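Which chain is which? The protein sequence lines are A and B, in order. Using numbering that gives the first Met the number 0, the first residue of the first sequence is number 0, and each one after it goes up by one. Using numbering that gives the first Met the number 0, the first residue of the second sequence is number 0, and each one after it goes up by one. For reference, the structure is listed below as structure tokens.
Protein chains: 2
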Amino acid sequence: MSKDKQVKNITSRDDDFAQWYTDVCRVADLVDYSSVKGSMIIRPYGYAIWENIVNILDKKFKETGHLNVQMPMFIPESLFNIEKDHVEGFAPECAIVTHGGKEELEDKMIVRPTSEVLFCEHFKKIIKSYRDLPLLYNQWCTIVRWEKETRPFLRSREILWQEGHTMHSTEQEAKEETLRMLDVYTDLQKNYLAIPVITGKKTDKEKFAGAEETYTIEAMMYDGIALQNGTSHYFGNGFAKAFDIKFLNKNNELETPYQTSWGVTTRMIGSIIMVHGDDRGLVLPPNIAPYKVCIVPIGEVEDTLLNIESSLKEKEITFTTDRTDKSPGFKFAEAEVKGYPIRLEVGKRDLENGYVTIVRRDTLEKIQVTVDECINKIEEVLSDIQSNLYNKAKERRDNLIFEAETYDEFINITKEKTGFIKTHWCGDVACENKIKDDTTYKSRCIIDENSKGKCVCCGKDANTLIYFGKQY
Amino acid sequence: MSKDKQVKNITSRDDDFAQWYTDVCRVADLVDYSSVKGSMIIRPYGYAIWENIVNILDKKFKETGHLNVQMPMFIPESLFNIEKDHVEGFAPECAIVTHGGKEELEDKMIVRPTSEVLFCEHFKKIIKSYRDLPLLYNQWCTIVRWEKETRPFLRSREILWQEGHTMHSTEQEAKEETLRMLDVYTDLQKNYLAIPVITGKKTDKEKFAGAEETYTIEAMMYDGIALQNGTSHYFGNGFAKAFDIKFLNKNNELETPYQTSWGVTTRMIGSIIMVHGDDRGLVLPPNIAPYKVCIVPIGEVEDTLLNIESSLKEKEITFTTDRTDKSPGFKFAEAEVKGYPIRLEVGKRDLENGYVTIVRRDTLEKIQVTVDECINKIEEVLSDIQSNLYNKAKERRDNLIFEAETYDEFINITKEKTGFIKTHWCGDVACENKIKDDTTYKSRCIIDENSKGKCVCCGKDANTLIYFGKQY
Numbered sequence: 000m001s002k003d004k005q006v007k008n009i010t011s012r013d014d015d016f017a018q019w020y021t022d023v024c025r026v027a028d029l030v031d032y033s034s035v036k037g038s039m040i041i042r043p044y045g046y047a048i049w050e051n052i053v054n055i056l057d058k059k060f061k062e063t064g065h066l067n068v069q070m071p072m073f074i075p076e077s078l079f080n081i082e083k084d085h086v087e088g089f090a091p092e093c094a095i096v097t098h099g100g101k102e103e104l105e106d107k108m109i110v111r112p113t114s115e116v117l118f119c120e121h122f123k124k125i126i127k128s129y130r131d132l133p134l135l136y137n138q139w140c141t142i143v144r145w146e147k148e149t150r151p152f153l154r155s156r157e158i159l160w161q162e163g164h165t166m167h168s169t170e171q172e173a174k175e176e177t178l179r180m181l182d183v184y185t186d187l188q189k190n191y192l193a194i195p196v197i198t199g200k201k202t203d204k205e206k207f208a209g210a211e212e213t214y215t216i217e218a219m220m221y222d223g224i225a226l227q228n229g230t231s232h233y234f235g236n237g238f239a240k241a242f243d244i245k246f247l248n249k250n251n252e253l254e255t256p257y258q259t260s261w262g263v264t265t266r267m268i269g270s271i272i273m274v275h276g277d278d279r280g281l282v283l284p285p286n287i288a289p290y291k292v293c294i295v296p297i298g299e300v301e302d303t304l305l306n307i308e309s310s311l312k313e314k315e316i317t318f319t320t321d322r323t324d325k326s327p328g329f330k331f332a333e334a335e336v337k338g339y340p341i342r343l344e345v346g347k348r349d350l351e352n353g354y355v356t357i358v359r360r361d362t363l364e365k366i367q368v369t370v371d372e373c374i375n376k377i378e379e380v381l382s383d384i385q386s387n388l389y390n391k392a393k394e395r396r397d398n399l400i401f402e403a404e405t406y407d408e409f410i411n412i413t414k415e416k417t418g419f420i421k422t423h424w425c426g427d428v429a430c431e432n433k434i435k436d437d438t439t440y441k442s443r444c445i446i447d448e449n450s451k452g453k454c455v456c457c458g459k460d461a462n463t464l465i466y467f468g469k470q471y
Numbered sequence: 000m001s002k003d004k005q006v007k008n009i010t011s012r013d014d015d016f017a018q019w020y021t022d023v024c025r026v027a028d029l030v031d032y033s034s035v036k037g038s039m040i041i042r043p044y045g046y047a048i049w050e051n052i053v054n055i056l057d058k059k060f061k062e063t064g065h066l067n068v069q070m071p072m073f074i075p076e077s078l079f080n081i082e083k084d085h086v087e088g089f090a091p092e093c094a095i096v097t098h099g100g101k102e103e104l105e106d107k108m109i110v111r112p113t114s115e116v117l118f119c120e121h122f123k124k125i126i127k128s129y130r131d132l133p134l135l136y137n138q139w140c141t142i143v144r145w146e147k148e149t150r151p152f153l154r155s156r157e158i159l160w161q162e163g164h165t166m167h168s169t170e171q172e173a174k175e176e177t178l179r180m181l182d183v184y185t186d187l188q189k190n191y192l193a194i195p196v197i198t199g200k201k202t203d204k205e206k207f208a209g210a211e212e213t214y215t216i217e218a219m220m221y222d223g224i225a226l227q228n229g230t231s232h233y234f235g236n237g238f239a240k241a242f243d244i245k246f247l248n249k250n251n252e253l254e255t256p257y258q259t260s261w262g263v264t265t266r267m268i269g270s271i272i273m274v275h276g277d278d279r280g281l282v283l284p285p286n287i288a289p290y291k292v293c294i295v296p297i298g299e300v301e302d303t304l305l306n307i308e309s310s311l312k313e314k315e316i317t318f319t320t321d322r323t324d325k326s327p328g329f330k331f332a333e334a335e336v337k338g339y340p341i342r343l344e345v346g347k348r349d350l351e352n353g354y355v356t357i358v359r360r361d362t363l364e365k366i367q368v369t370v371d372e373c374i375n376k377i378e379e380v381l382s383d384i385q386s387n388l389y390n391k392a393k394e395r396r397d398n399l400i401f402e403a404e405t406y407d408e409f410i411n412i413t414k415e416k417t418g419f420i421k422t423h424w425c426g427d428v429a430c431e432n433k434i435k436d437d438t439t440y441k442s443r444c445i446i447d448e449n450s451k452g453k454c455v456c457c458g459k460d461a462n463t464l465i466y467f468g469k470q471y
């Protein structure tokens with residue numbers, strides 16, 4: 000099948016968003032399937048996006064004093080059972096190793112769905128004194144959650160992620176850490192992925208199993224549905240008590256430390272696709288694209304190509320050059336499917352007329368410039384694409400944020416549109432459940448706990464300003 | 000326990016090498032144990048060494064045209080069973096997932112011990128034409144081999160590694176790739192880890208399950224015992240045939256492609272410890288050390304410290320400054336245990352006399368220089384430590400390489416010393432087995448297949464020049 004045909008085979012985004020998403024993942028060579036049900040192969044182009052995310056975050060984690068470690072990937076069942084809320088939350092989706100080296104295991108092993116208990120066991124051994132605190136750890140690894148229904152990047156049995164785990168001598172310091180890492184995630188979303196997010200606190204019903212408070216960054220996809228793109232948890236000292244972790248404070252008294260954890264996953268790649276992509280395929284923000292520029296030569300232009308390539312290298316602008324013997328039309332279509340921010344057409348005839356052509360992926364606008372001007376223009380256009388994508392996403396999202404004061408209003412919005420609903424809530428889980436049962440909308444996050452109003456569901460006094468929305 | 004005491008608690012290297020090794024791993028904060036039997040926690044200082052190795056290799060892999068991908072961590076048993084030699088080699092040490100999400104799995108899942116079959120299944124789908132070749136892939140991930148006896152870094156149930164998997168249209172190209180990656184590994188060993196290696200081909204008995212040829216880099220530890228530090232396999236088209244992978248060549252005819260795979264693991268960290276370490280602890284080559292310099296302030300010297308730190312940053316020399324309230328003696332001992340290549344003592348009284356002190360970890364030599372001269376001197380000393388460590392290791396190794404022409408000579412060497420024995424071998428596995436049974440020496444690698452001589456074991460004509468040695 001030719002690439003042109005493949006492109007035509009992308010379902011229209013407005014006709015069937017779910018199918019459009021799967022098509023883009025496949026046609027842009029981001030993932031492939033295998034005989035391992037529920038898992039995906041992340042292909043080089045998809046993995047390169049993840050590598051960029053890893054590099055950006057890893058640098059920020061290190062700048063904020065965090066150290067990388069590597070814990071075992073297995074958790075003995077007996078260890079997992081120590082923190083009760085945690086077990087209840089994760090047990091239904093665990094993968095269990097029962098045999099190793101042809102023998103049945105006495106203590107079965109859970110393939111880690113998250114590593115709190117492993118970190119806690121280790122922390123108990125290495126934390127002795129206030130001098131050991133804060134302990135700021137992070138781990139890049141794969142986790143397993145045995146999901147029934149899976150979709151590339153969004154919901155997979157194996158997930159690539161990072162999990163930060165930190166211990167602090169005071170509650171305040173731990174809470175500050177929780178919010179600091181939420182800021183790091185927000186910055187990544189905004190300035191690299193070009194995705195506007197709403198940040199806030201999860202309700203008790205939606206928080207992480209074992210956490211006191213869970214903070215979240217909520218992005219809205221093109222179809223108005225929410226994607227939870229990262230979470231940061233404040234644990235208080237629940238785990239620390241369950242694991243009997245103690246430290247000697249400056250007065251030589253034993254105290255229990257306070258804990259956080261925070262993580263983001265390859266799911267973020269799904270959000271890049273679903274926020275920026277269009278009917279021609281992927282659209283990548285320059286700050287996260289594996290290649291910012293795709294050069295397409297037309298005819299014999301090798302000398303000019305080499306000059307342009309060396310200038311791009313000098314400016315550290317990543318690029319790929321399509322030197323295959325495919326037709327220019329095929330190459331253009333492929334460049335669009337892959338979402339390279341800029342396609343640079345270098346044609347023999349155009350060069351004779353003194354110009355090359357910059358094609359923006361976001362607007363499809365064509366800009367003719369001389370070879371001499373082209374590098375500067377590329378830099379300028381890349382910066383413009385980055386901000387344009389963010390602004391477009393923000394505008395679309397803001398148009399899909401609705402406010403409701405009464406339950407009738409709420410219900411009507413959910414019937415007519417798909418988006419976020421900003422409203423007041425009394426804090427009662429019964430109202431949260433009723434809203435979900437009536438509309439499938441779940442609470443996204445609390446953005447203000449001191450906002451006077453009436454609960455949109457029961458009409459009682461409410462102090463909580465909160466977003467509701469459908470979710471992936 | 001004070002750090003001084005901990006240092007004293009390192010067993011002498013010459014008294015009990017195995018215990019010395021375990022002590023260093025623990026006291027230098029490289030690893031910790033957990034309730035996950037057979038797995039280790041890689042602590043930040045150990046993991047930082049691995050991150051340096053990853054960065055060096057990943058850059059080289061990309062420079063040589065390789066792309067990173069991510070395959071599932073599970074392999075369905077039915078898929079694993081396709082290549083028979085491969086199954087037989089790995090089945091005894093597999094960890095098996097039998098339950099997922101509270102249900103028993105129909106097709107049990109093996110936690111990957113290596114990923115050839117997953118890559119083959121994927122290759123079959125994406126390789127259509129000669130235009131798709133060569134396909135040069137690499138994966139950084141964790142594998143599981145259910146070892147009975149484990150030791151930190153050397154033998155662990157979970158192993159961090161990279162696995163390269165490539166497909167080529169010709170036998171010759173695949174063989175060149177196999178050797179190219181062996182060279183990449185040799186360069187890492189020599190120029191970063193400061194470890195001299197012997198490279199060559201494994202015997203049929205010792206080659207990788209499913210490979211036609213396995214090449215290896217063999218390092219010698221301080222105690223004369225070999226550590227296989229990386230392997231590169233040429234597969235011919237055995238897997239490709241088993242998985243029915245075919246491509247259309249330029250003449251539009253179907254052909255079977257040729258395959259390689261190659262990998263190195265965290266085991267290399269074990270070799271750094273066992274080649275360079277001493278009774279005071281770890282000794283790290285500057286080119287792989289997480290921190291090249293450890294600054295120890297003595298008294299009130301903050302202004303000078305800040306100047307030195309900013310100069311080191313400018314020169315991109317990594318460092319750590321021990322600003323804790325521990326005693327200088329404690330800090331010196333800890334800097335030695337951790338193997339920082341240079342300890343820089345910045346003392347108030349010394350400064351008044353116009354100098355700071357550079358202490359080399361490899362020779363323990365102390366060098367007094369003025370603050371102005373110190374950065375240049377540090378650069379010079381780091382370069383000297385790097386080559387000194389390599390030369391020392393090479394000298395020691397060369398002194399432990401023996402030659403044997405008769406079986407009596409061979410036996411006598413193994414009784415008196417531990418090292419490598421370079422000798423002739425007829426190629427018969429019976430002789431290889433006899434040598435192993437009589438001496439515990441196993442074949443390390445073949446370095447010449449056209450060297451005339453007599454087999455050291457049976458006395459028959461032999462064309463194979465080969466190394467034997469004990470192994471970790």
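Cβ atoms here follow ideal geometry from the backbone N, Cα and C, with glycine treated the same way. Given the structure is predicted, the values throughout are model-derived calculations rather than measurements.
To which residues does DSSP link residue i through a beta bridge?
{"i": "Ile109/A", "result": "Ile74/A, Ile95/A"}
{"i": "Arg150/A", "result": "Arg154/A"}
{"i": "Phe401/A", "result": "Ile420/A"}
{"i": "Arg342/A", "result": "Cys293/A, Val358/A"}
{"i": "Ala461/A", "result": "Gly452/A"}
{"i": "Trp139/A", "result": "Gln161/A"}
{"i": "Trp261/B", "result": "Gly163/B, Ser231/B"}
{"i": "Val370/B", "result": "According to DSSP, Val370/B bridges with nothing at all."}
{"i": "Tyr466/B", "result": "Lys421/B, Cys444/B"}
Here's a check: name, in chain order, each residue in its chain whose Cβ is nearer than 7 Å to the Cβ of residue i, leaving out the five neighbours to either side.
{"i": "Glu344/B", "result": "Val295, Ile297, Val355, Thr356, Val358"}
{"i": "Gln161/A", "result": "Leu56, Asn137, Gln138, Trp139, Gly262, Val263"}
State yes or no: is the C-beta of residue i within less than 8 Å of the C-beta of residue j?
{"i": "Phe89/A", "j": "Thr113/A", "result": "yes"}
{"i": "Ser128/B", "j": "Leu247/B", "result": "yes"}
{"i": "Val96/B", "j": "Leu104/B", "result": "yes"}
{"i": "Ile9/B", "j": "Asp22/B", "result": "yes"}
Quick one: residues in its chain with C-beta nearer than 6 Å to the C-beta of residue i, no 5 flanking neighbours on either side, listed in chain order?
{"i": "His275/A", "result": "Val282, Leu388"}
Flag residue i as yes if its beta-carbon sits less than 8 Å from any beta-carbon of chain B, otherwise no.
{"i": "Ala288/A", "result": "no"}
{"i": "Lys94/A", "result": "With the sequence shown as reference, residue 94/A is identified as Ala, and Lys is not the correct amino acid for it. For Ala94/A, the answer is yes, since a Cβ of chain B falls inside 8 Å of its Cβ."}
{"i": "Ser309/A", "result": "no"}
{"i": "His98/A", "result": "yes"}
{"i": "Phe73/A", "result": "yes"}
{"i": "Asn8/A", "result": "no"}
{"i": "Thr417/A", "result": "no"}
{"i": "Leu78/A", "result": "yes"}
Are the C-beta atoms of residue i and some chain A residue less than 8 Å apart?
{"i": "Gln171/B", "result": "no"}
{"i": "Ile145/B", "result": "Reading the sequence as shown, one finds Trp at residue 145/B and not Ile. For Trp145/B, the answer is yes, since a Cβ of chain A falls inside 8 Å of its Cβ."}
{"i": "Asp22/B", "result": "no"}
{"i": "Ile158/B", "result": "no"}
{"i": "Met70/B", "result": "yes"}
{"i": "Asp243/B", "result": "no"}
Who are the near neighbours of residue i in its chain, counting only those whose CB is closer than 8 Å to its CB and skipping five residues on each side?
{"i": "Asp15/B", "result": "none"}
{"i": "Lys189/A", "result": "Pro195, Val196, Tyr389"}
Checklist entry - In chain order, which beta strand (DSSP E) runs of at least 3 residues are fully inside the region 159-236 of chain A? => result 196-200, 212-219, 225-235
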